[in-house]
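K.L.:
In the working numbering, the protein residues as written are 118 to 775. Backbone N, C-alpha and C fix where the C-beta goes; we use that ideal spot for every residue, glycine too. Note that the coordinates shown come from a computational prediction; the quantities given were computed from them, not determined experimentally.
#1: Where residue 289 and residue 708 are concerned, what is the direct C-alpha to C-alpha distance, given to the nearest angstrom?
#2: Enumerate, from N- to C-terminal direction, the unbroken beta strand (DSSP E) stretches of 3 or more residues contained entirely within the segment 169-247.
#3: Near residue 294, which residues of its chain fall below 7 Å by C-beta distance, leaving aside the five closest residues on each side in sequence?
#4: Taking the straight line between their C-alpha atoms, what separation do you get for residue 615 and residue 662?
#5: When the Cα atoms are used, what is the spatial distance from residue 717 to residue 191?
#6: Could you check what DSSP says for residue 592 in three-state terms: helix, strand or coil?
#7: What do you get for residue 309, buried or exposed, if any count of 16 or more other CB atoms within 10 angstroms of its CB means buried?
#8: Would you check if the segment 436-451 and the segment 328-338 touch, i.e. whether three or more CB-CB distances between them fall below 8 Å?
#9: What are the start and end residues of the beta strand (DSSP E) that includes residue 708?
#10: Quick one: using the 10 Å Cβ neighbour count with 16 as the cut-off for buried, is residue 620 buried or exposed?
#11: Run through DSSP, which three-state label would residue 127 get?
#12: For residue 732, collect the residues of the same chain with a Cβ closer than 7 Å to its Cβ; drop the 5 residues on either side in sequence, then sort them by chain order.
#13: For residue 182 and residue 563, I'd like the C-alpha separation in whole angstroms.
#14: Near residue 339, which residues of its chain fall below 7 Å by C-beta distance, leaving aside the five closest residues on each side in sequence?
#15: Going by CA-CA distance only, name the one from 690, 706, 540 and 743 that's closest to residue 193.
#16: Can you tell which of 269, 265, 170 and 281 has the C-alpha that lies nearest to the C-alpha of residue 743?
#17: Can you tell which of 660, 166 and 668 has its C-alpha closest to the C-alpha of residue 674?
#18: Let me know the secondary structure DSSP gives residue 309 once reduced to three states.
#19: Out of 559, 664, 554 and 627, which has the shortest C-alpha to C-alpha gap to residue 643?
#20: Any idea what DSSP makes of residue 639, helix, strand or coil?
#21: Determine the extent of the alpha helix (DSSP H) in which residue 332 is found, giving its start and end residues.
#22: Under the three-state reduction of DSSP, which class applies to residue 290: helix, strand or coil?
#23: Could you pull out every residue in the same chain whose Cβ sits closer than 6 Å to the Cβ of residue 397, ignoring the five residues on either side in sequence?
#24: Given this structure, state the Cα-to-Cα distance separating residue 468 from residue 236, to the nearest angstrom.
#25: Do residue 423 and residue 388 come within 8 Å of each other at the CB atom, strictly closer than that value?
#26: With a threshold of 8 Å between beta-carbons, can residue 256 be considered close to chain D, or not?
#27: Looking at the unbroken alpha helix (DSSP H) that takes in residue 664, where does it start and where does it end?
#28: Excluding the 5 residues preceding and the 5 following residue 638 in the sequence, name in chain order all residues of the same chain whose CB lies nearer than 6 Å to its CB.
#29: Is residue 674 helix, strand or coil when you go by DSSP?
#30: One question on the structure: do residue 203 and residue 305 come within less than 8 Å of each other, judged by their Cβ atoms?
#31: Looking only at its own chain, which residues have a Cβ that is under 6 Å from the Cβ of residue 417, when we skip the five neighbours before and after it?
#32: Ordered along the chain, which non-local residues of its own chain (more than five positions away) have a Cβ less than 6 Å from that of residue 694?
#33: Inspect the beta-carbon positions of residue 490 and residue 522 and report whether they are closer than 8 Å.
#34: Please go through the same chain and pick out, in chain order, the residues whose beta-carbon is closer than 7 Å to the beta-carbon of residue 656, but skip the five residues on each side of it.
#35: Where does the unbroken alpha helix (DSSP H) through residue 365 begin, and where does it stop?
#36: I think residue 784 touches residue 241, with their Cβ atoms under 8 Å apart; what is that distance to the nearest whole Å?
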């Protein structure tokens, strides 16, 4: 790639040949490949540049995040994949799930929400679907299960996915669909505080719209379809567009000389580019005794709809997000340490009363010759229409009952505000006085979210249609018979007052369910080397309780253990086991045992490979294990009961249980 122009790049073919055009001799070419060191070369007067990339041996000594701990990449026997913060920041999306597609092997992202600000996210799957019901991987952020939907990329230090049973076994009954591990940034020891400010502004718009079809072309194709479907029939008996009508359609796009206007491009009418902005400020630093990382982030994404400003109200889709984070590390003594992490998110979403799918559906199905707004009273050539429809009425007939402008601006608007708070506190102590390499750590975390949403409608918009007796066909200027179907032409929009009226005809306020989760973890870790022998161990107890309003709490608890052994970084062995359970199952069946084993052989460290310098790292590994899911079917509760009460009344006796 050309460094000054990051949009100019190329790939080599199978033999390493490539071609790239650069603007001038001062350009710098950047050569990169996964697992190799990056090289930069100044073009100068050279017309052919040959480079040889060197293996990145440092990548093998890199420490990666695994379930409830870390391991060196060179000694891994499980299957995982990582992505850097730099890669995440290259995709300025409102939702982190939309930045992952194509970036991690084994991860599949399916965008499903239509792209409207605030609900634009992707379903994430790791190695396909592993269970019935909820098939999403669990997300662990800084050791606790949390949502990553509105996490700012500038908060993230590491992003890892766990794919096979060996790596997900520590999560036992929740590991069947893979695990996403995220750690947030922390302060580092440095003389002065490091201040980092990042801002970006961009434009978002749909990738592609259907090709616009003019009114005359539509009418001709319509006539052709009717004739083909009624071969041998008398043409005078068919409901066809007249040639006079087709000729009228050929006037310039947007020509409204007869008060109707043809050649409506509904996609162009309804959609426009939207502006997106992201601003992030963080400060980090510290000493040997205490370190800190503080972040504030503001994100705003404007929607792509037109014709949404009604003066006192606006039905435009807009999403605003505020992120705050403070991570503090304190070394109380040489062996005693503490961590305090605090995070907050505030989201504010505005949306029209309709859906993006509904707008696209209308833009796709409305013929381009149909008007959006009917002629006004001051058009004498359309007196018949004007008499039956108030000025500015929206068009609709018995076939095309819904109006795109009505859906955009007169279906009201929804405003949703949510606040998310999370915090965790960690205390740890090195137990070298018992045996070198032993450590104990305790963690307590608490998450809470609250929200409200308001629906307000200033104007009414009737989705049905009203019949106006007294005319059967619409006769534009010159008596051209445009609509062959006897007319049910209507102004389906009843305006309560002017567009900027404060009169409200529909209003509702609702509180989103409060959602809180408390988590507790206690773990013992052991890490020690004896010459060529490397041994690690983990024993962990965790318990999580989630409460949504006044529902029965979701409770999860269990034990996790792990033992790893490596000889000379050549022969590797790992054993994981979890015994945990969920209240979502019946008594006596709530706990399960989930073991997994994996092994690896680093062939490249054998003596017989020493004379093969072109082999930098060759590892053979395999794993086998058992993992489960407690979120079947589709997060339903108490599926082991034949009957249970869902109302507000108390139940007595045994009739409530099956």
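P.N.:
Checking against the coordinates, here is how it stands:
#1: Position 172 of the chain shown holds residue 289. Position 591 of the chain shown holds residue 708. A straight line joining the alpha-carbon of residue 289 with that of residue 708 spans about 10 Å.
#2: Runs found: 180-183, 186-189, 197-200, 224-228 and 239-243.
#3: By one-based count along the chain shown, residue 294 stands at place 177. Excluding sequence neighbours, residue 294 sits near 243, 247, 248, 252, 253, 254 and 746.
#4: Counted from its first residue, the chain shown places residue 615 at position 498. Counted from its first residue, the chain shown places residue 662 at position 545. With a pLDDT of only 29 at residue 615, under 50, the local geometry of the prediction cannot be trusted, and no value is derived from it.
#5: Position 600 of the chain shown, counted from the start, is the residue given in the question as residue 717. Position 74 of the chain shown, counted from the start, is the residue given in the question as residue 191. Near 10 Å, if we compare the C-alpha coordinates of residue 191 and residue 717.
#6: Here residue 592 refers to the residue found at position 475 when the chain shown is read from its first residue. Bear in mind that the predicted position of residue 592 carries a pLDDT of just 33, short of 50, making it unreliable; the figure below should be weighed with that in mind. In the structure shown, residue 592 sits in coil (DSSP, three-state: anything other than H, G, I, E or B).
#7: For the purposes of this step, residue 309 is identified with residue 192 of the chain shown, where counting begins at 1. By the neighbour-count definition (other C-beta atoms within 10 Å, threshold 16), residue 309 is an exposed residue.
#8: When Cβ pairs closer than 8 Å are counted between the two stretches, the segment 328-338 is seen not to touch the segment 436-451, the count staying below three.
#9: As a position in the chain shown, residue 708 is number 591, starting the count at 1. Residue 708 -> beta strand (DSSP E) spans 708-719.
#10: Within the chain shown, numbered from 1, the residue matching residue 620 stands at position 503. Here residue 620 scores only 38 on pLDDT, less than 50, and its place in the model is too uncertain to base an answer on.
#11: As a first step, residue 127 must be located in the chain shown, where it is residue number 10. Of the three classes helix, strand and coil, the one that applies to residue 127 here is coil, per DSSP.
#12: Taking the chain shown and counting its residues from 1, one reaches residue 732 at position 615. Taking residue 732 as the centre and dropping the five residues before and after it, the same chain places the C-beta of 721 and 726 closer than 7 Å to its C-beta, in chain order.
#13: The residue given as residue 182 occupies position 65 in the chain shown. The residue given as residue 563 occupies position 446 in the chain shown. When rounded, the distance between both Cα atoms is 22 Å.
#14: Mapped onto the chain shown, residue 339 falls at position 222. Cβ neighbours of residue 339 beyond the five flanking positions: 358.
#15: By one-based count along the chain shown, residue 193 stands at place 76. Nearest C-alpha to residue 193: 690.
#16: Sequence index remark: in the chain shown, residue 743 carries index 626 (1-based). Looking at the Cα atoms, 281 is the closest of the given residues.
#17: Your numbering for residue 674 matches position 557 in the chain shown. The residue with the shortest Cα to Cα distance from residue 674 is 660.
#18: Stepping through the chain shown from its first residue, residue 309 is reached at position 192. Assigned with DSSP and collapsed to three states, residue 309 falls in strand.
#19: As a position in the chain shown, residue 643 is number 526, starting the count at 1. Nearest C-alpha to residue 643: 554.
#20: Counting from one through the chain shown, the residue named residue 639 turns up at place 522. DSSP places residue 639 in strand when its eight states are reduced to three.
#21: Reading the chain shown from its first residue, position 215 is the one you call residue 332. Per DSSP, residue 332 belongs to the alpha helix (DSSP H) from 332-346.
#22: Sequence index remark: in the chain shown, residue 290 carries index 173 (1-based). Three-state DSSP puts residue 290 in a helix.
#23: Counting from one through the chain shown, the residue named residue 397 turns up at place 280. The answer, listed in chain order, is 271, 315 and 414.
#24: Within the chain shown, the letter at position 351 stands for residue 468. Within the chain shown, the letter at position 119 stands for residue 236. Straight-line Cα distance between these residues: approximately 10 Å.
#25: In the chain shown, the residue the question calls residue 388 occupies position 271. In the chain shown, the residue the question calls residue 423 occupies position 306. Yes, the pair counts as a contact, with Cβ atoms nearer than the cut-off.
#26: In summary, chain D is missing from the structure at hand, where a single protein chain is found.
#27: Working through the chain shown from its first residue, we reach residue 664 at position 547. Per DSSP, residue 664 belongs to no alpha helix (DSSP H); it is in the beta strand (DSSP E), 650-665.
#28: The residue you call residue 638 lines up with position 521 of the chain shown. Cβ neighbours of residue 638 beyond the five flanking positions: 560 and 659.
#29: Translated into the one-based positions of the chain shown, residue 674 becomes position 557. Judged by DSSP in its simplified three-state form, residue 674 adopts strand.
#30: Translated into the one-based positions of the chain shown, residue 203 becomes position 86. Translated into the one-based positions of the chain shown, residue 305 becomes position 188. Their beta carbons are not under 8 Å apart, which means residue 203 does not touch residue 305 by this criterion.
#31: Locating residue 417 in the chain shown gives position 300, where the first residue counts as 1. Scanning its chain for C-beta atoms nearer than 6 Å, with the 5 sequence neighbours on each side dropped, one finds around residue 417 the residues 394 and 437, in chain order.
#32: Walking along the chain shown from the start, residue 694 turns up at place 577. 678 and 712.
#33: Taking the first residue of the chain shown as position 1, residue 490 is located at position 373. Taking the first residue of the chain shown as position 1, residue 522 is located at position 405. Using a Cβ distance threshold of 8 Å, residue 490 and residue 522 count as a contacting pair.
#34: Here residue 656 is taken as the residue at index 539 of the chain shown, counted from 1. Hits under 7 Å: 640, 641 and 678.
#35: Against the chain shown, residue 365 aligns to sequence position 248. Where residue 365 is concerned, the enclosing alpha helix (DSSP H) stretches over 360-366.
#36: It is not possible to answer for residue 784, since the shown part of the chain is limited to 118 through 775.
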